[in-house]
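These notes are about the structure you will find just below.
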Amino acid sequence: MAEQALKGHPDIFLTIRRSAQARRITLRISQLDGRVSLTLPKDITEVVAIEFAQQKASWIRKHLECRLQNVFVGIGKEIPISGRMRLISKGLGRSVQLKDECFYVPGHEATVPRKILGYLKVLARDRLAAASDYYASKLGYSYSGISIRDTRSRWGSCSCTGRLMYSWRLVMAPPDVLNYVAAHEVAHLAHMDHSPKFWKEVKTIFGPYKDQRQWLRIEGTALHRYRFDD
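Going by this note's numbering, the first residue of the sequence shown is number 237, and it counts up by one from there.
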């Protein structure tokens, strides 16, 4: 394992490791501590790896900046829903309402984060269940259940028993991105791998998916900066 630094504003510190299983250079940014790691195949030199990281430097800095600038949800703050920013405002009544590009949240300000979080989880479950039903019907398979979590390492999964799991934060992404993830996980009901047959199935039930995958790679990290705790 080696350490290298890319000079810039700010400097980027890299951890470089080799893997006998690696077939290409992979770059990861830890959601926990922001550590940037490069995994190399045995036949790739560190010079080549550094050049690869240098080409990605702007992307790395953007994602590190998003990770560091947490947004603590509350009155006057904005959060994305369906890929569009919505202002959180003081509301009346007994329940959260989404209207005219705003969230209207009643009650004491201290309860706002919890109420918004509850609203988003219900909304995410409803939309992901509807999308899963739609793509499962197109595929001709059925799933055994759905769960919603706040996962950082993946946007969704499909178990060998046919149970689907999704990150509720997908409700903050554009609708086509949410739908792509649903189609992706539903396709695993037919193929529990990422073989060419699997990707062909995804394209059959969803259509071209390059833009949605790219959105998740570039913008997805930013969805985790919205905090609903103290």
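C-beta: ideal position from N, C-alpha, C; glycine also.
Please read all numbers here as calculations on a predicted model, not as lab measurements.
Looking only at its own chain, which residues have a Cβ that is under 6 angstroms from the Cβ of residue 381, when we skip the five neighbours before and after it?
Numbered from its first residue, the sequence shown carries residue 381 at position 145. Taken in chain order, the residues that qualify are 399.
Report the residue ranges of all alpha helix (DSSP H) runs contained in full by the stretch 265-351; include only those spanning at least 4 residues, in chain order.
282-291, 293-304
Look at the Cβ atom of residue 462, then the Cβ atom of residue 315, and state whether they are nearer than 8 angstroms.
Here residue 462 corresponds to residue number 226 of the sequence shown, with the count starting at 1. Here residue 315 corresponds to residue number 79 of the sequence shown, with the count starting at 1. Yes, the Cβ-Cβ distance between residue 462 and residue 315 is below 8 angstroms.
Name the residue from 313, 344, 252, 282 whose alpha carbon lies nearest to the alpha carbon of residue 274.
Counted from its first residue, the sequence shown places residue 274 at position 38. It is 252 whose Cα lies nearest to the Cα of residue 274.
Are there 16 or more other CB atoms within 10 angstroms of the CB of residue 268, so buried, or fewer, so exposed?
Within the sequence shown, numbered from 1, the residue matching residue 268 stands at position 32. A caution first: residue 268 carries a pLDDT of 49, below 50, which makes its placement in the model too unreliable to give a value.
Kindly confirm or deny that the stretch 425-438 and the stretch 384-393 touch, where touching means at least three C-beta pairs closer than 8 angstroms.
no
Beta-carbon separation (whole angstroms), residue 289 vs residue 250, contact threshold 8 angstroms:
For the purposes of this step, residue 289 is taken as the residue at position 53 of the sequence shown. For the purposes of this step, residue 250 is taken as the residue at position 14 of the sequence shown. Between residue 250 and residue 289 the Cβ distance is about 6 angstroms, and since that is below 8 angstroms, they are a contact.
Roughly how many whole angstroms lie between the Cα atoms of residue 414 and residue 365?
Locating residue 414 in the sequence shown gives position 178, counting from the first residue. Locating residue 365 in the sequence shown gives position 129, counting from the first residue. Rounded to the nearest angstrom, the two C-alpha atoms are 11 angstroms apart.
Enumerate in chain order the residues of its own chain whose CB-to-CB distance from residue 464 is below 6 angstroms, with the five nearest sequence positions on each side excluded.
Numbered from its first residue, the sequence shown carries residue 464 at position 228. Cβ neighbours of residue 464 beyond the five flanking positions: 309, 349, 353.
Let me know the secondary structure DSSP gives residue 390 once reduced to three states.
Counting from one through the sequence shown, the residue named residue 390 turns up at place 154. Note: residue 390 maps to coil in three-state DSSP.
Close-in-space but distant-in-sequence residues of the same chain around residue 259 (CB under 8 angstroms, 5 per side omitted)
Position 23 of the sequence shown, counting from 1, holds the residue named residue 259. Cβ within range, chain order: 277.
Since residue 179 is in the alpha helix (DSSP H), which residue starts that stretch and which ends it?
The question about residue 179 has no answer here: the residues shown for the chain are numbered 237 through 466.
Give the secondary structure of residue 408 by DSSP, where H, G and I count as helix, E and B as strand, and everything else as coil.
Position 172 of the sequence shown holds residue 408. In this structure, residue 408 counts as helix in the three-state DSSP scheme.
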